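Take the sequence shown: its letter number 770 is residue 770 in UniProt numbering, and every next letter is one higher. Written out below as structure tokens is the structure these notes cover.
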Amino acid sequence: MLEGLQKDLKDKENLVQNLKQSLEHQRKELNDCRAEITALKMHIEGYRSGRNMVAADADHVQSLSLERYREEVKSLQMELESLKSKHAKAPDFSDSTNSEKDYPEEIPQEFSVAPLNDSSTLVNDESVSKQNNEPSSGGRLHLTSEDLSAGIVSEKRGLETIQILADALPKIVPYVLINHREELLPLIMCAIERHPDSSTRDSLTHTLFNLIKRPDEQQRRIIMDACVTLAKNVGEMRTETELLPQCWEQINHMYEERRLLVAQSCGQLAEFVRPEIRDSLILSIVQQLIEDSATVVREAAAHNLALLLPLFPNMDKYFKVEDLMFQLVCDPSGVVVETTLKQLVPAVNKWGNKLDHILRVLLSHISSSAQRCPPLSGVEGSVESHLRVLGERERWNVDVLLRMLMEMLPFVYQKAIEMCPIASDPETTGTIFSMSFLELYARGHAQLPAFEWLHVDCFPALIQLACLLPPKEDSLRNRTTKFFLAVSEHYGDSYLTHIMLPVFLVATGDDAELTFFPSAIHSRIEGLRPRTAVAKRLATMCVLPILLAGVLGAPSKHEQLVEYLRKLLVEGVTNQSTKCNAEIVDAVRFLCTFEDHHGMIFNLLWEMVVSSNIDMKINAANLLKVIVPYIDAKVASTHILPALVTLGSDQNLSVKYASIDAFGAVAQHFKNDMIVDKIRVQMDAFLEDGSHEATLAVIFQLTATPPASDLMRRRERANAFCEAIRALDATDVSANSVRDFLLPAIQNLLRDYDALDPAHKEALEIIMKERSGGTFDTISKVMGAGLASSVTSFFGEGGLLGKKENAELSPEPVESPKAAPMPPVEDTRLRRIMRGHFTDMLRGKAKGDET
1 MLEGLQKDLK DKENLVQNLK QSLEHQRKEL NDCRAEITAL KMHIEGYRSG RNMVAADADH
61 VQSLSLERYR EEVKSLQMEL ESLKSKHAKA PDFSDSTNSE KDYPEEIPQE FSVAPLNDSS
121 TLVNDESVSK QNNEPSSGGR LHLTSEDLSA GIVSEKRGLE TIQILADALP KIVPYVLINH
181 REELLPLIMC AIERHPDSST RDSLTHTLFN LIKRPDEQQR RIIMDACVTL AKNVGEMRTE
241 TELLPQCWEQ INHMYEERRL LVAQSCGQLA EFVRPEIRDS LILSIVQQLI EDSATVVREA
301 AAHNLALLLP LFPNMDKYFK VEDLMFQLVC DPSGVVVETT LKQLVPAVNK WGNKLDHILR
361 VLLSHISSSA QRCPPLSGVE GSVESHLRVL GERERWNVDV LLRMLMEMLP FVYQKAIEMC
421 PIASDPETTG TIFSMSFLEL YARGHAQLPA FEWLHVDCFP ALIQLACLLP PKEDSLRNRT
481 TKFFLAVSEH YGDSYLTHIM LPVFLVATGD DAELTFFPSA IHSRIEGLRP RTAVAKRLAT
541 MCVLPILLAG VLGAPSKHEQ LVEYLRKLLV EGVTNQSTKC NAEIVDAVRF LCTFEDHHGM
601 IFNLLWEMVV SSNIDMKINA ANLLKVIVPY IDAKVASTHI LPALVTLGSD QNLSVKYASI
661 DAFGAVAQHF KNDMIVDKIR VQMDAFLEDG SHEATLAVIF QLTATPPASD LMRRRERANA
721 FCEAIRALDA TDVSANSVRD FLLPAIQNLL RDYDALDPAH KEALEIIMKE RSGGTFDTIS
781 KVMGAGLASS VTSFFGEGGL LGKKENAELS PEPVESPKAA PMPPVEDTRL RRIMRGHFTD
841 MLRGKAKGDE T
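This is the structure:
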């Protein structure tokens, strides 16, 4: 009995195992069915999305697809029924099995097909039963004809609604207020996204881009957000075929706001198109927008090009992008240049990783921008023939390219650090490029092209540029100086002392030690040394200002700058080894454009003023004259005027006359009462001196046209002078007066082309030709005479009015004051006029202004 029970139990266990295997097999089959159902669902969704390709055959395509769908569902139902029938034939041992052992496996719920969202989709059969308040039908898959018909009806209604919306929107938009049209965007987007006809979608997309005639920033932002959302929903292909063509059509629109919308859309939509479209069609759109006449459009193009670069699939278009970058850097608009320097240049450098090539092209553009300008003089071999006359466009290009060089400096410095395996630890040495590093570098053990680029390639190129710029190009020279100061700040004092300073000392013709340079580049550094007299003068004129302000002008080189200036201005004159010529004076003048150096310069000037050397005092007066425009009234009162009063009281006439010009410069730039009174007193002292040269110098300064004089006043003065000269030409004037006064006055008037009337110009040229005897000998003599040549000189001591009376008594000119002394009454009247109206003349007042 017991053995029989055990045998039955063993048989049941075997049967249970067989049932379990059968159950696993059926479960696998059910999972396969579920996968087929999922595939069928995807097929239905695919059918829905492709249904709108041909609108005329839409109903026909739907019927064929639905029939095919029904056949597939029937076959699936039959297969499931066969599986269930197999399962039903298996004996039910659930009770007996559960009594001995609990098997928790359960067959998952099956799915049924029911209409959802305008199409037949697969839903849980139990949920359908609950929605219909019916019990579950035991997990049976079914698809009723009512559900299919309801889905078709719903789908047709949706299409009809979209069609009505598409037809109505173009008629509604014109009658909606412009400020409220963005409220139509959801409707327009819905119609574009769901309408089956491509031509209608194109029309609606055109309406989207033309929704507002001239959209402002906020409205453009709203439209762009709508386009981005639409691109996300419709996918890559429709974005390329529907949205991008609309962008292309708007490129040449008459309103810049619409073109600006296109520029902003390029960077936004690039993410939703294929990679090969980004660097072809979209880049072409950006390239055309860079040529736009509107500044805001070019700025937006530069900004969006920077956004576009990380999305490019490869580097095939790098050189084209680099050309566009340099084109934008040299844009005539400062706003475009600023956006390019701050956004596009770093983006191109990061994307392309071609810093060496960018720097090489940059230096080439800087040099070529200046070199293609015409020379200052056509006399071959002169200093002026090496200088260039920069036009406004060339000057702007050089300036912005130097700004770009400044922006690239941090990248150059970072790459130099990364490429230098022997760089020092800044925590121990205070700087990366310390003395120990420079000593290792000088031995030439390693190739360091990233570190050498500055002093081997960049510095020589900028020195060459400096030698092309005339002294008046202070703005470009100032930009270059700031770059060198930034280099010293980045690379440290050791680099400044042992690398930068020797390069510029050699370039100015001074001696310098090249101890910390590898022997391989010694010849390249020595190649910067000027060899000829013209080259030396050119170096003093062009390179010395940068050496003073950009290299020795660094905060750590203050003491060395003082020593170098003392050698130029004080010791050089004392030792007669050099002269403080015009080039050195101009270099010191440029140094005064940096206010930090004023105190040091005034200390040196005072040493020159109190010196016993005559040449040094004259040089001090010349320096005081040229630095006047760079100081304020307080500094003029406390430093300039005391020094000039000291020079004006000197016993040497040359020193005294040199100070008069400096007093005139102060009078032209400052209208302060205290300053004017001091100058008046000093000018009175010059007039009381009775010297003919002093009187001429004072009158010349009083009649000099201030730099701030407007063109209308200059023309009034020029007309008055021309009328006076023409009247004077009709009188009997001696040959000496013609040579010394009349011809120089005409020559001065002819130099101011803007203020001179063309009729007066022709009359003056005729007078000059007649008075010079029809030859140019007298004219050349006049130009080289070096005398004060103001028309007012006619009325000074020994002037034409003073000689007129004597001319009537004696036809011969007065050769010497001793032979025919001037009447003292005339001299007293001149002094009285000068003293009476001097203050008003300095302040620029006229009788006409008072009335």
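Ideal placement from N, C-alpha and C gives every residue a C-beta, glycine not left out. The structure displayed is predicted, hence computed values, not measured ones.
Rounded separation between residue i and residue j - CA only
i	j	result
L623	C592	10 Å
K656	G664	13 Å
V61	T239	Bear in mind that a pLDDT of 43 at V61, under 50, signals an unreliable position, so the model cannot answer this.
C330	L702	44 Å
E155	D323	53 Å
R680	A755	29 Å
M639	L387	What sits at residue 639 in the sequence shown is His, not Met. Distance between the alpha carbons of H639 and L387 is about 35 Å.
A450	L409	12 Å
P518	Y441	7 Å
F437	I546	27 Å
L165	E193	12 Å
Under the three-state DSSP convention, the category residue i falls into
i	result
E13	helix
P346	helix
R51	Note that R51 scores 49 on pLDDT, short of 50, meaning its location in the model is unreliable and no value can be drawn from it.
P375	strand
R388	strand
K20	helix
Q250	coil
S333	coil
N478	helix
residue 858	Since the first and last residues shown for the chain are 1 and 851, residue 858 lies out of range.
L454	helix
S382	coil
R715	helix
V176	coil
residue 861	The first residue shown for the chain is 1 and the last is 851, placing residue 861 beyond what the model contains.
D294	The sequence given here places Ala at residue 294; Asp does not occur at that position. Reduced to three states, the DSSP call for A294 is coil.
L561	helix
E160	helix
V681	helix
L2	helix
K472	coil
Residue i: first and last residue of the uninterrupted alpha helix (DSSP H) it sits in
i	result
Y413	392-418
V286	283-290
L187	185-194
A620	614-626
E217	217-234
H760	758-771
P502	501-507
G648	641-648
V447	Reading the sequence as shown, one finds Gln at residue 447 and not Val. No alpha helix (DSSP H) holds Q447; DSSP gives it neither H nor E.
T205	198-209
E583	582-591
Assigned exposure category for residue i - 16 Cβ within 10 Å defines buried
i	result
M315	exposed
Q371	exposed
E452	buried
N18	exposed
F686	buried
I178	exposed
P332	exposed
S199	exposed
H357	exposed
F700	buried
Determine contact between the stretch 341-350 and the stretch 296-310, defined as no fewer than three beta-carbon pairs at a distance below 8 Å. yes
Check whether the stretch 514-532 and the stretch 586-600 are in contact - that is, three or more C-beta pairs closer than 8 Å. no
For the stretch 466-478 and the stretch 409-423, state whether three or more C-beta atom pairs, one from each stretch, are separated by less than 8 Å. no
Can you confirm whether the stretch 286-301 touches the stretch 248-267 when touching is taken to mean that 3 or more C-beta pairs between the two stretches lie within less than 8 Å? yes
Evaluate contact between the stretch 630-647 and the stretch 591-607, counting only Cβ atoms and requiring at least three cross-stretch pairs below 8 Å. yes
Segment contact, 8 Å Cβ cut-off, at least three pairs: the stretch 715-730 with the stretch 754-769: yes
Does the structure place the stretch 278-288 close enough to the stretch 242-249 that three or more beta carbon pairs sit under 8 Å? yes
Report yes or no: do three or more beta-carbon pairs, one from the stretch 737-750 and one from the stretch 762-771, lie closer than 8 Å? yes
Given 8 Å, three or more beta-carbon pairs between the stretch 267-275 and the stretch 227-238: yes
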